[in-house]
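Student:
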Amino acid sequence: RNPPMDWPTDHVLSEPCRELVDSCVKWDPDQRPLIGEVMGVLQRWPDMYGLKHLADTVSSASSENLLPWDSAMAKLPKSDRQQLELQRLQQQGQKHHAQQQQQQHHHQQLRE
């Protein structure tokens, strides 16, 4: 679980930003939005929140300008890449462990 963050409350985007970030940092990667979904949310904000002056900035960013995962990872320092890989493996291990527990519980119920 991620530690709670203090968010400013004096801006129209404070709550939408908090909600978007919360969705992007969920522990289970399968529960996180895809980058295209995040881009869509960001691109709707200028109209939704009366921030027309941001529309050009947001619309110039598109998922077409994003680097492929492997290319982006290659640009990170080696220590950061290793840390991310370790986190990914830990998450997979936790997910696998939970699945094993569910299967054991299911088999136990079938025996009863």
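Numbers in the numbering used here are just positions in the sequence shown, counted from 1, shifted up by 121. Every residue, glycine too, gets a C-beta built ideally from N, C-alpha and C.
Is Met126 helix, strand or coil when you go by DSSP?
Tutor: Start at 1 with the first residue of the sequence shown, and residue 126 comes out as number 5. Coil at Met126, not helix or strand.
Student: Look at Arg139 and Trp148 and say whether their C-beta atoms are less than 8 Å apart.
Tutor: Within the sequence shown, numbered from 1, the residue matching residue 139 stands at position 18. Within the sequence shown, numbered from 1, the residue matching residue 148 stands at position 27. No; because the gap between Cβ atoms is not below 8 Å, this pair is not in contact.
Student: Can you tell me where the alpha helix (DSSP H) holding His217 begins and where it ends?
Tutor: The sequence position of residue 217 within the sequence shown is 96, counting from 1. Lys199 to Arg232 is the span of the alpha helix (DSSP H), which, as asked, contains His217.
Student: Kindly indicate the opening and closing residues of the alpha helix (DSSP H) around Trp148.
Tutor: The residue labelled residue 148 in the question sits at position 27 within the sequence shown. Counting along the chain, Trp148 falls outside any alpha helix (DSSP H), and DSSP gives it neither H nor E.
Student: Beta carbon of Gln223, beta carbon of Pro150: below 8 Å?
Tutor: Translated into the one-based positions of the sequence shown, residue 223 becomes position 102. Translated into the one-based positions of the sequence shown, residue 150 becomes position 29. Contact: no.
Student: Is the CB-CB distance between Pro137 and Ser144 below 8 Å?
Tutor: Here residue 137 refers to the residue found at position 16 of the sequence shown. Here residue 144 refers to the residue found at position 23 of the sequence shown. Against a cut-off of 8 Å, the Cβ pair of Ser144 and Pro137 comes out as no contact.
Student: Within its chain, find whatever has a CB closer than 8 Å to the CB of Ser135; leave out the 5 residues flanking it on each side and keep chain order.
Tutor: Residue mapping note: residue 135 aligns to position 14 of the sequence shown, counting from 1. Counting only Cβ-Cβ distances below 8 Å, and skipping sequence neighbours, we find Trp128 and Pro129.
Student: Inspect the beta-carbon positions of Leu175 and Val159 and report whether they are closer than 8 Å.
Tutor: Sequence index remark: in the sequence shown, residue 175 carries index 54 (1-based). Sequence index remark: in the sequence shown, residue 159 carries index 38 (1-based). Cβ atoms of Leu175 and Val159: not closer than 8 Å.
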